[in-house]
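The block underneath contains the structure these notes are about, expressed in structure tokens.
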Amino acid sequence: MTGEKHDSVKTICPYCGVGCGIQVKQGDEPGDVQFMPWGDAPVNEGRICIKGGAATEVVDHEDRLTEPLIREDGEFREASWDECYEYVVSELERIHDDYGPDAMGFFGSSKTMNEENYLLQKIARRYGTNNVDNCTRMCHASTVWALRTSLGAGAMTNSMHDLREEADVFWIQGANPGEQHPIANSQYFRQAVLEGATVIQVDPHANKTTRSFQIDETDRHMHLQLEPGTDIPLLNVVLKTILEKHEANPDAGWIDEEFVEERTEGFEHLRGTLEDVDVEAAAEECGVPLEQIELAAETYAMADNAAIFTGMGMSQHRCGVDNVQNEINLALVTGNVGRPGTGVNPLRGQNNVQGTCDVGAMPNVLPGYQLVDDDEARKSVEDVWGFDVPPEPGLTNVEVSHEFGNSVRGLYVMGENPVMSEPDANRVAERIQDLEFVVVQDIFMTETAEYADVILPATTWAERAGTVTNTDRRVQRMRGVEKVHENTKHDLEILSEVGSRLFGPEGFDFDDPEDVFEELRQVCPIYHGMTYELLDETGLHWPCYEPGDEGDPFLYAEEFDTESGLGHIEGVSHTPPAETPDNEYPLILTTARLEEHYNTGTMSRRSPTLNRQRPENFVDVHPADAERYGIEDGDEVTLTSRRGEISVVAQVTDDIKEGVVWTTPHFAAASANRLTNDVLDERAKIPEYKAAAAEIEVGLES
Ligand code: SF4
Numbered sequence: 062m063t064g065e066k067h068d069s070v071k072t073i074c075p076y077c078g079v080g081c082g083i084q085v086k087q088g089d090e091p092g093d094v095q096f097m098p099w100g101d102a103p104v105n106e107g108r109i110c111i112k113g114g115a116a117t118e119v120v121d122h123e124d125r126l127t128e129p130l131i132r133e134d135g136e137f138r139e140a141s142w143d144e145c146y147e148y149v150v151s152e153l154e155r156i157h158d159d160y161g162p163d164a165m166g167f168f169g170s171s172k173t174m175n176e177e178n179y180l181l182q183k184i185a186r187r188y189g190t191n192n193v194d195n196c197t198r199m200c201h202a203s204t205v206w207a208l209r210t211s212l213g214a215g216a217m218t219n220s221m222h223d224l225r226e227e228a229d230v231f232w233i234q235g236a237n238p239g240e241q242h243p244i245a246n247s248q249y250f251r252q253a254v255l256e257g258a259t260v261i262q263v264d265p266h267a268n269k270t271t272r273s274f275q276i277d278e279t280d281r282h283m284h285l286q287l288e289p290g291t292d293i294p295l296l297n298v299v300l301k302t303i304l305e306k307h308e309a310n311p312d313a314g315w316i317d318e319e320f321v322e323e324r325t326e327g328f329e330h331l332r333g334t335l336e337d338v339d340v341e342a343a344a345e346e347c348g349v350p351l352e353q354i355e356l357a358a359e360t361y362a363m364a365d366n367a368a369i370f371t372g373m374g375m376s377q378h379r380c381g382v383d384n385v386q387n388e389i390n391l392a393l394v395t396g397n398v399g400r401p402g403t404g405v406n407p408l409r410g411q412n413n414v415q416g417t418c419d420v421g422a423m424p425n426v427l428p429g430y431q432l433v434d435d436d437e438a439r440k441s442v443e444d445v446w447g448f449d450v451p452p453e454p455g456l457t458n459v460e461v462s463h464e465f466g467n468s469v470r471g472l473y474v475m476g477e478n479p480v481m482s483e484p485d486a487n488r489v490a491e492r493i494q495d496l497e498f499v500v501v502q503d504i505f506m507t508e509t510a511e512y513a514d515v516i517l518p519a520t521t522w523a524e525r526a527g528t529v530t531n532t533d534r535r536v537q538r539m540r541g542v543e544k545v546h547e548n549t550k551h552d553l554e555i556l557s558e559v560g561s562r563l564f565g566p567e568g569f570d571f572d573d574p575e576d577v578f579e580e581l582r583q584v585c586p587i588y589h590g591m592t593y594e595l596l597d598e599t600g601l602h603w604p605c606y607e608p609g610d611e612g613d614p615f616l617y618a619e620e621f622d623t624e625s626g627l628g629h630i631e632g633v634s635h636t637p638p639a640e641t642p643d644n645e646y647p648l649i650l651t652t653a654r655l656e657e658h659y660n661t662g663t664m665s666r667r668s669p670t671l672n673r674q675r676p677e678n679f680v681d682v683h684p685a686d687a688e689r690y691g692i693e694d695g696d697e698v699t700l701t702s703r704r705g706e707i708s709v710v711a712q713v714t715d716d717i718k719e720g721v722v723w724t725t726p727h728f729a730a731a732s733a734n735r736l737t738n739d740v741l742d743e744r745a746k747i748p749e750y751k752a753a754a755a756e757i758e759v760g761l762e763s
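In this note's numbering, the protein residues as written are 62 to 763.
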């Protein structure tokens, strides 16, 4: 499977969701792989950020897992692949027999390919459970929910190219493309700004996005620095301003009446909800001057084309679905959807988080976002697969984690690190020990693999082939060079063997990724028009229903993909964070990622270039708080919440507001997730990473 040898291959950066093309050159020895630019790559045209340029550093890292391992008497010992497969299959069968299929959880990975995630979710469903999920649950599950329900597809409505060419206003809320999507920011958004577009940034933290648009230094751009968790009040002030101005002057164009009338439903609900909003009180709650919010509302509403970008600052709240719904409301009432340069655009974190959802590695949807509880959709997939799929949605990954040792007895993890990535991580590490069986496929000994019974060593991104889907729905091919370690296997190869041994070869024994993709397109209507040959080097945007379709760079030109064909407006009311400051924990902790690192840092902490830039965690503290606590810049401090404590270096800065502290999840011992709250959004089940009550003191943890 994918064993061809090439001198150099064109592939896709394994880090963020921008989907930059790079080349990997194969040296004389396996493991001697070098980065080369890909000058005419479709997304980045040869440009690259620090992470992409350093991505080959982990391929031949000394920490690579090179042999299969089995835990025996508390220690790992080397084992043959055959022994491991036998063990995995016998334990999965035992758990099925003893407790039923829903006693297993399957975690896919946004760091692996469409074909691999497709096969993992197929194994889960053939096993008899919909308990299959991926890390989108941690980042954009609420965004996907709101967009799918109110517009039709859980993805960017527009593409980076049309946004660069046509957008006049970028409304960036809870996203930080300057840090997290550097090439999208520099090559697309900043380009548009240089040609006249205006940026309105809504974020509790001044960051690289603020600085990249020089927001402090021009009158044109704005940073609305709100309190964490007050996005709904802020957008309600924006919406109420727009509605009132429109009523006062209906011809001024604040609202697109024709669009609202012909293409949306629910406007009256929004109007009713806003009646109760006291704009002065709401602005005060947000900590942003009312006039500034009103000016931002006017700038957005009066633009010819205004685009919203949304990120995890919006989605990672217990009201994440409502947060994104309010952005949809703003876009719909002003008619800013269905044209180039507009829309509601989630910037996706990992290089294949979009595709992992597209191919059905989620508990409520089959490939192509077909609902598992939709009888007709389920039957169409069952007809191709040849087995029945359970008709009820399964548990999400945090729900699975909450059930470790109770209803859930076993866990199959491909390329994920829940012990570090989930909120309240100390409890996850405790609970995972209550499981009877854990199997992990990965390239390194992750914090989760430490608790495994079987570890299956996989190949890295540079060694294997398949497809990934970037943030603007572009499906692109990855190609691999020679394997570095002989006894490692591609994730697809491992899944194919496990599936074949569990259920027989039919439907699980695939020759190569292209074979899997050919089956995927039969059950995933939005990918149906794609083949490896048609994807070629430029890729295709979904939806691409038939071979020859070009794919849609922007969605909803004529109608929305909802049951009524209308865009759904729905007023939402403020839900404060589950934890607010009190005497014991008087600060609000919020979290975000850094440009130089990548989620739990499994790869980026092992990259010398990236680690040199950011070797340890830190916490941003406002100067007034620093003075109150007696903290000097560079002091070691202990940051605590109701769930744990971490030792970090204080960075005293007015990037953050007084009363708020800000840190990151990348560093194992000092990860923000030892502190974060695992309360969930009721519908999307995404945790509230972005707001927790905290306390800080000078000195190290005891
Ligand atoms: Fe990779 Fe994202 Fe950087 Fe592009 S912007 S090189 S995809 S990390």
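For each residue, glycine too, the CB sits at the ideal point set by N, CA and C.
Remember, it's a predicted structure, so these values are computed and weren't measured experimentally.
Residue span of the alpha helix (DSSP H) that contains residue i, given as start and end
| i | result |
| --- | --- |
| Ile354 | Leu351 to Met363 |
| Thr334 | Phe328 to Glu336 |
| Arg488 | Ala486 to Arg492 |
| Met375 | Met373 to Ser376 |
Extent of the continuous beta strand (DSSP E) to which residue i belongs
| i | result |
| --- | --- |
| Ser151 | Looking at the DSSP string, Ser151 is not in any beta strand (DSSP E); the run it does join, the alpha helix (DSSP H), is Trp142 to Tyr160. |
| Glu133 | Leu130 to Glu133 |
| Gly107 | Unbroken run through Gly107: none, as it is neither H nor E. |
| Asp503 | Phe498 to Asp503 |
| Val536 | Arg535 to Met539 |
| Val94 | Val94 to Pro98 |
| Ser557 | No beta strand (DSSP E) contains Ser557, which is instead part of the alpha helix (DSSP H) from Asp552 to Phe564. |
| Gly86 | Looking at the sequence provided, one finds Lys at residue 86 rather than Gly. Run containing Lys86: Gly82 to Gln87, per the beta strand (DSSP E) assignment. |
Given residue i as reference, the closest of the options once Cα atoms are compared
| i | options | result |
| --- | --- | --- |
| Asn397 | Gln353, Leu212 and Tyr750 | Leu212 |
| Ser732 | His683, Ala755, Phe679 and Glu756 | Phe679 |
| Trp206 | Cys347, Gln431 and Gly189 | Gln431 |
| Pro289 | Val759, Glu756, Leu741 and Thr652 | Thr652 |
| Val350 | Gln377, Thr270, Glu305 and Leu295 | Note that residue 350 corresponds to Pro in the displayed sequence, not to Val. Measuring from the Cα of Pro350, the nearest candidate turns out to be Leu295. |
| Ile369 | Ala309, Arg400 and Asp696 | Arg400 |
| Gly612 | Asp597, Met591 and Asn237 | Met591 |
| Leu126 | Glu491, Ile83, Glu177 and His551 | His551 |
| Ala49 | Glu128, Gly100, Gln84 and Pro103 | Given a span of 62 to 763 for the chain in the structure shown, any question on residue 49 remains unanswerable. |
| Ala618 | Lys71, Gly404 and Ser141 | Gly404 |
| Glu594 | Asp436, Val536 and Ser625 | Val536 |
| Asp124 | Thr663, Asp622, Ala486 and Leu563 | Thr663 |
| Met475 | Glu106, Met165, Pro451 and Asp503 | Asp503 |
| Ser625 | Glu176, Ala526, Thr210 and Arg138 | Thr210 |
| Cys145 | Asp495, Asn548 and Asn487 | Asn548 |
| His629 | Ala140, Ala214 and Ala236 | Ala214 |
| Pro647 | Ile707, Phe621 and Ala753 | Ala753 |
| Val577 | Gly114, Val414 and Met174 | Met174 |
| Pro91 | His122, Gly114, Met97 and Ala102 | His122 |
| Asn246 | Phe274, Arg538, Glu719 and Asp264 | Phe274 |
| Cys200 | Val759, Ala755 and Pro726 | Pro726 |
| Phe96 | Thr117, Asp89, Ile707 and Asn467 | Thr117 |
| Ile757 | Asp696, Glu579 and Ala730 | Asp696 |
| Gly410 | Leu153, Val545 and Thr204 | Thr204 |
| Pro638 | Asp436, Asp159 and Gln377 | Gln377 |
- Query: So does the region 706-718 actually touch the region 332-346, counting three or more Cβ pairs closer than 8 Å?
  - Reply: No: fewer than three Cβ pairs fall under 8 Å.
- Query: Does the region 222-236 come close enough to the region 459-467 to have 3 or more Cβ pairs within less than 8 Å?
  - Reply: In short, these stretches do not touch, since the Cβ pair count stays below three.
- Touch check for the region 325-334 and the region 358-375: three-plus C-beta pairs under 8 Å? These segments do not touch.
- Query: If you scan the region 194-251 from start to end, which runs of the beta strand (DSSP E) of 3 or more residues do you find wholly inside it?
  - Reply: You should have 230-234.
- Message: If contact is defined by three or more beta carbon pairs under 8 Å, each pair taking one atom from either stretch, is the region 309-327 in contact with the region 404-419?
- Response: With fewer than three CB-CB distances shorter than 8 Å, the region 404-419 does not count as touching the region 309-327.
- Contact set, ligand 1 heavy atom to C-beta under 5 Å: Taking every residue with its beta carbon within less than 5 Å of a heavy atom belonging to ligand 1 gives, in chain order, Cys74, Tyr76, Cys77, Val79, Cys81, Ile109, Cys110, Lys112, Gly113, Pro243 and Ile244.
- Query: Which runs of the alpha helix (DSSP H), 4 residues or longer, sit entirely within the region 670-740?
  - Reply: Runs of the alpha helix (DSSP H) inside the region 670-740: 684-690.
- Are at least three pairs of beta-carbons, each pair with one atom in the region 76-89 and one in the region 519-536, less than 8 Å apart? A contact exists between the region 76-89 and the region 519-536.
- Item | At least three beta-carbon pairs within less than 8 Å, the region 504-515 to the region 195-209 | With a cut-off of 8 Å, the region 195-209 and the region 504-515 do not count as touching, because too few Cβ pairs lie within range.
- Message: Does the structure place the region 176-190 close enough to the region 561-573 that three or more beta carbon pairs sit under 8 Å?
- Response: The region 561-573 vs the region 176-190: in contact.
- At least three beta-carbon pairs within less than 8 Å, the region 450-457 to the region 702-711: No, they do not touch.
- Message: Is it the case that the region 108-117 contacts the region 233-252, given that we only count it when at least three CB pairs across the two stretches are under 8 Å?
- Response: Contact between the region 233-252 and the region 108-117 is present, because at least three Cβ pairs lie under 8 Å.
- Message: Three or more C-beta pairs under 8 Å: does that hold for the region 628-635 against the region 380-395?
- Response: Yes, the region 628-635 touches the region 380-395.
- Query: Should the region 464-473 be regarded as contacting the region 145-163, the criterion being three or more beta carbon pairs within less than 8 Å?
  - Reply: At 8 Å Cβ cutoff, the stretches touch.
- Message: Just to confirm the assignment: which complete alpha helix (DSSP H) runs, minimum length 4, are found wholly within the region 419-499?
- Response: For the region 419-499, whole alpha helix (DSSP H) runs of length 4 or above, ordered along the chain, are 436-446, 458-463, 479-482 and 486-492.
- Could you say if the region 690-697 and the region 740-751 meet the contact criterion of at least three C-beta pairs nearer than 8 Å? Short answer: they don't touch.
- Query: Which whole runs of the alpha helix (DSSP H) in the region 629-665 are 4 residues long or more, in chain order?
  - Reply: DSSP runs (the alpha helix (DSSP H)) wholly in the region 629-665: none.
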